[in-house]
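Trainee: Below are the C-alpha cells for one structure; questions will follow.
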Ligand code: ARG
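This is the structure in C-alpha cells:
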C-alpha cells in the first residue's frame, strides 16, 4: 500500500492491518468533493505565496484530468487495484503523477482531518438537497391521490380497531404532513452544515495565514467553522442527517405497514401496481407487496446506521481518532437506502388503486358511537352520562345483533338500558344523522379535522407549499392559505 506517511516506519503493515486500514473503495465516493477541496485549497495557498500561478495551473489541470478519468465507466473497477490508503492519498498521488513536483505541495498546511470533514460536509449538502427533492416528489404523489379521494370514506383506526370514520384524503395528507416535517428537518439542519472546516489542520488550525473566509466562500459555505478542534472531531452533521433519515424512514415504515395490511385479501382496501410487487417462485397465484416490505426492512437498516454513528462517537476522546473512518459506510448506506426508499414509496403511492367501495363497506356501525354520545351532549346530557348510555346501547345492539343504521328512533331508545333509559327521550328524528358518515365528517371542519372543508384547506396549503418549495423550502402552515 502507498501511504502519505511511510517515512516514519521500518516495517510494512501486515496484510490484516492493510486490509482494515484501507478505506479507498468506500471513500472514493467523496472524490468529486475532494477534487473541489483541493482546487480551493491550492488557490488559497497561492494567495499566500506558497504556490506559484504556474504550479496552481498545473495542479488544477491535473484535478480536471482526474475528474474525467473518474467519469469513465472502467474507473469503478480500477479503484480496487489502486495502491492508495484513501481518497485523499489517491488524489495527491495522481496529482503528483500528472503535475509533477507541484503536486507534492498540495498538502501544505492541511491535514486529512480537516480535509475529510470538509469533503463530508460537501457530500452531505449535495445529498440532503437530493433527498429534499425526492421528498417533494413523494409529497406531490400523496397530495395528488388525496385530491381524488376527498369523498372516499373509510374507517379510521386506533389500536388497529375501528375508531371513527375519516376520509382517505385526510389519511393520505397525514403522510404528506409528516414528510413535510421531514423536509423541514433537512432544511433546518442545512444551516448547521453551512460552515467550512478546511483550515482547521489536524486539530489546532493551519500554520499558515490562510484567508478562511475566502476559502469558505470558494467552497460555497457562508463562513469558516469557529473552532478547529470541534471541526475535525465532531460528526454532528452526519448524526443530524442520519437521525433525520431514521425519522423519515420510520414514517415510511409505518405507512408501509398499513398498506401491506390493506393489500391483504382480508382488507382489500388497495391493490398495489404490478410494477411495485413481486411473485413467488413456488406459488403461482402470489402477488406480494415487496416494495413496502423492503421499505419497512430498510427502515431497520437506517435506524441501525444511526445507532452505529452514535456508538462511534459516544466514547471518542477529542479530537480525531481513526474510529471516525467508520462513519462513512454508515452514512453512505443510510443515505442510499433512504433515497431509494423515498423514490420507491413515491412509485407505490402514484400507482396504487384504492377500493373506495370496500373501504366504505368495511365501516362498522360501532364507529358512530362517539357521534351518538356527542349528539346527546349537544342536547345537554353530560358527556360522561352520554358515554355510559351509548356504551349500554352498544352492548345491547351487539347482543341482539342489530345494525344501528337500520333502527327506528323508538328501536334505538329501546336499546338504552337502565339507569339511563329516561335520557333516551333526547333521541329525535335527526338522530339517524349520527350514522351518516358524510354528516359525521361535516362536523369535523375545525382546523386539522377530517371534515371536507378542513381537508380542502390542507390541500390548498400543500398546493402553495409545493409551489414555494420547488426551489426553496419554507415554513408554510394552514394559517397562510
Ligand atoms: N481516511 C480517513 C478518515 O476517513 C482520513 C483521515 C485520516 N486521518 C488520520 N489522522 N489518519 O477518517
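In this note's numbering, the protein residues as written are 3 to 483.
Virtual Cβ for every residue (Gly too), placed ideally from N, Cα, C.
Based on DSSP bridge pairs, tell me the residues matched to residue 356.
Mentor: The count along the chain shown starts at 1 and reaches residue 356 at position 354. DSSP lists 272 as partners of residue 356.
Trainee: What separation, rounded to the nearest whole angstrom, lies between the Cα atoms of residue 481 and residue 450?
Mentor: Within the chain shown, numbered from 1, the residue matching residue 481 stands at position 479. Within the chain shown, numbered from 1, the residue matching residue 450 stands at position 448. Per-residue confidence for residue 481 stands at a pLDDT of 48, beneath the threshold of 50, marking its modelled position as unreliable; the derived number appears in the next sentence. Each residue's alpha carbon lies about 11 Å from the other.
Trainee: Indicate whether the contact test is met: 3 or more Cβ pairs, each with one atom in the region 34-51 and one in the region 286-301, closer than 8 Å.
Mentor: Flag = no, the region 34-51 and the region 286-301 do not touch.
Trainee: Determine, using beta carbons only, whether residue 332 and residue 307 come nearer to each other than 8 Å.
Mentor: For the purposes of this step, residue 332 is identified with residue 330 of the chain shown, where counting begins at 1. For the purposes of this step, residue 307 is identified with residue 305 of the chain shown, where counting begins at 1. The answer is yes: Cβ separation under 8 Å.
Trainee: By alpha-carbon positions, which one of 309, 37, 340, 240 ends up nearest to residue 132?
Mentor: By one-based count along the chain shown, residue 132 stands at place 130. Of the listed residues, the one whose Cα sits closest to residue 132 is 340.
Trainee: Could you tell me whether the region 202-217 touches the region 87-107, using the rule of 3 or more Cβ pairs below 8 Å?
Mentor: Counting Cβ pairs under 8 Å, fewer than three are found: no touch.
Trainee: Given that a residue counts as buried once 16 or more other Cβ atoms are within 10 Å of its Cβ, and exposed if not, what is residue 234?
Mentor: Residue 234 sits at position 232 when you count from the first residue of the chain shown. With 16 or more Cβ atoms within 10 Å of its Cβ, residue 234 is classed as buried.
Trainee: Is residue 210 near the ligand ARG, going by C-beta to nearest heavy atom under 7 Å?
Mentor: For this step, residue 210 is matched to residue 208 along the chain shown. No, the beta carbon of residue 210 sits no closer than 7 Å to any heavy atom of the ligand ARG.
Trainee: Please state if the CB of residue 170 and the CB of residue 156 are separated by a distance shorter than 8 Å.
Mentor: For the purposes of this step, residue 156 is identified with residue 154 of the chain shown, where counting begins at 1. For the purposes of this step, residue 170 is identified with residue 168 of the chain shown, where counting begins at 1. Taking 8 Å as the Cβ cut-off, residue 156 and residue 170 qualify as a contacting pair.
Trainee: Can residue 118 be considered in contact with the ligand ARG, in the sense that its beta carbon sits closer than 7 Å to one or more heavy atoms?
Mentor: By one-based count along the chain shown, residue 118 stands at place 116. For the ligand ARG, at least one heavy atom lies less than 7 Å from the Cβ of residue 118.
Trainee: Determine, for residue 352, whether the minimum Cβ-Cβ distance to residues of chain C falls below 8 Å.
Mentor: Going by chain labels, chain C is absent from the structure shown, which holds only one protein chain.
Trainee: Would the beta-carbon of residue 327 be found less than 7 Å away from any heavy atom of the ligand ARG?
Mentor: Walking along the chain shown from the start, residue 327 turns up at place 325. Residue 327 Cβ: within cutoff of the ligand ARG.
Trainee: For residue 184, count neighbouring Cβ atoms within 10 angstroms of its own Cβ and tell me buried if that reaches 16, exposed if not.
Mentor: Residue 184 sits at position 182 when you count from the first residue of the chain shown. It counts as buried.
Trainee: How should residue 297 be labelled, buried or exposed, when 16 other C-beta atoms within 10 angstroms of its C-beta is the threshold for buried?
Mentor: Taking the chain shown and counting its residues from 1, one reaches residue 297 at position 295. Under this definition residue 297 is a buried residue.
Trainee: Pick out the complete alpha helix (DSSP H) segments inside the region 99-130, 4 residues or longer, and give them in chain order.
Mentor: Within the region 99-130, no complete alpha helix (DSSP H) run reaches 4 residues.
Trainee: Between residue 396 and residue 425, is the Cβ-Cβ spacing less than 8 Å?
Mentor: Here the question's residue 396 lines up with position 394 in the chain shown. Here the question's residue 425 lines up with position 423 in the chain shown. Result no, Cβ atoms of residue 396 and residue 425 do not sit closer than 8 Å.
Trainee: Counting C-beta neighbours from all protein chains within 10 Å, is the total for residue 57 16 or more, i.e. buried, or is it exposed?
Mentor: The residue given as residue 57 occupies position 55 in the chain shown. That one is buried.
Trainee: Nearest to residue 400 by CA position, among 411, 388, 418, 291, is which residue?
Mentor: Taking the first residue of the chain shown as position 1, residue 400 is located at position 398. It is 418 whose Cα lies nearest to the Cα of residue 400.
Trainee: Taking the continuous beta strand (DSSP E) assigned at residue 168, which residues delimit it?
Mentor: Against the chain shown, residue 168 aligns to sequence position 166. Looking at the DSSP string, the run of the beta strand (DSSP E) that includes residue 168 is 163-169.
Trainee: Who are the Cβ neighbours of residue 137 in its own chain at under 7 Å, not counting the five residues just before and after it?
Mentor: Here residue 137 is taken as the residue at index 135 of the chain shown, counted from 1. So the list reads 181, 184, 185, 344, once near-sequence residues are dropped.
Trainee: What number of angstroms, rounded off, separates the C-alpha of residue 1 from the C-alpha of residue 22?
Mentor: Outside the displayed range of the chain (3 to 483) lies residue 1, so it cannot be described from this structure.
Trainee: On a Cα-Cα basis, can you pick out the residue from 119, 95, 115, 118 that is closest to residue 108?
Mentor: What you label residue 108 is simply residue 106 of the chain shown in a count that begins at 1. For residue 108, the nearest C-alpha among the options comes from 95.
Trainee: Which stretch, first to last residue, makes up the beta strand (DSSP E) that contains residue 158?
Mentor: Numbered from 1 along the chain shown, position 156 holds the residue referred to as residue 158. Here the beta strand (DSSP E) through residue 158 covers 155-160.
Trainee: Along the alpha helix (DSSP H) that carries residue 398, what are the first and last residues, could you check?
Mentor: Here residue 398 is taken as the residue at index 396 of the chain shown, counted from 1. Residues 385-401.
Trainee: For residue 409, which of helix, strand or coil comes out of DSSP?
Mentor: Translated into the one-based positions of the chain shown, residue 409 becomes position 407. Correct three-state label for residue 409: coil.
Trainee: With DSSP run on the structure shown, which of helix, strand or coil describes residue 192?
Mentor: Within the chain shown, residue 192 is the residue found at index 190, counting from 1. Residue 192 falls in the helix class under three-state DSSP.
Trainee: What separation, rounded to the nearest whole angstrom, lies between the Cα atoms of residue 134 and residue 189?
Mentor: Within the chain shown, residue 134 is the residue found at index 132, counting from 1. Within the chain shown, residue 189 is the residue found at index 187, counting from 1. Taking the straight line from one Cα to the other gives about 8 Å.
Trainee: CB of residue 40 to nearest heavy atom of the ligand ARG: below 7 Å?
Mentor: Here residue 40 refers to the residue found at position 38 of the chain shown. Not so, every heavy atom of the ligand ARG lies at least 7 Å from the Cβ.
Trainee: If you reduce the DSSP assignment to three classes, tell me which class residue 88 lands in.
Mentor: If you number the chain shown from 1, residue 88 lands on position 86. DSSP places residue 88 in coil when its eight states are reduced to three.
Trainee: Starting from the C-beta of residue 457, find all residues in its chain whose C-beta is less than 8 Å away, skip the five residues before and the five after it, and write them out in chain order.
Mentor: Position 455 of the chain shown holds residue 457. Answer for residue 457: 148, 152, 169, 171, 172, 175, listed in chain order.
Trainee: Using only the alpha-carbon positions, how far apart do residue 369 and residue 466 sit?
Mentor: Indexing the chain shown from 1 puts residue 369 at position 367. Indexing the chain shown from 1 puts residue 466 at position 464. Looking at the two C-alpha atoms, the distance is approximately 34 Å.
Trainee: Could you work out which residue in 18, 321, 439 is closest to residue 371 when comparing CA atoms only?
Mentor: Residue 371 sits at position 369 when you count from the first residue of the chain shown. Of 18, 321, 439, the residue nearest in Cα terms is 439.
Trainee: Quick one: residues in its chain with C-beta nearer than 8 Å to the C-beta of residue 63, no 5 flanking neighbours on either side, listed in chain order?
Mentor: For the purposes of this step, residue 63 is taken as the residue at position 61 of the chain shown. These residues qualify, in order along the chain: 100, 101.
Trainee: On a Cα-Cα basis, can you pick out the residue from 198, 80, 30 that is closest to residue 120?
Mentor: For the purposes of this step, residue 120 is identified with residue 118 of the chain shown, where counting begins at 1. For residue 120, the nearest C-alpha among the options comes from 198.
Trainee: At a threshold of 7 Å, does residue 115 count as lining the ligand ARG (C-beta to nearest heavy atom)?
Mentor: Mapped onto the chain shown, residue 115 falls at position 113. Checking every heavy atom of the ligand ARG against the Cβ of residue 115, one is found closer than 7 Å.
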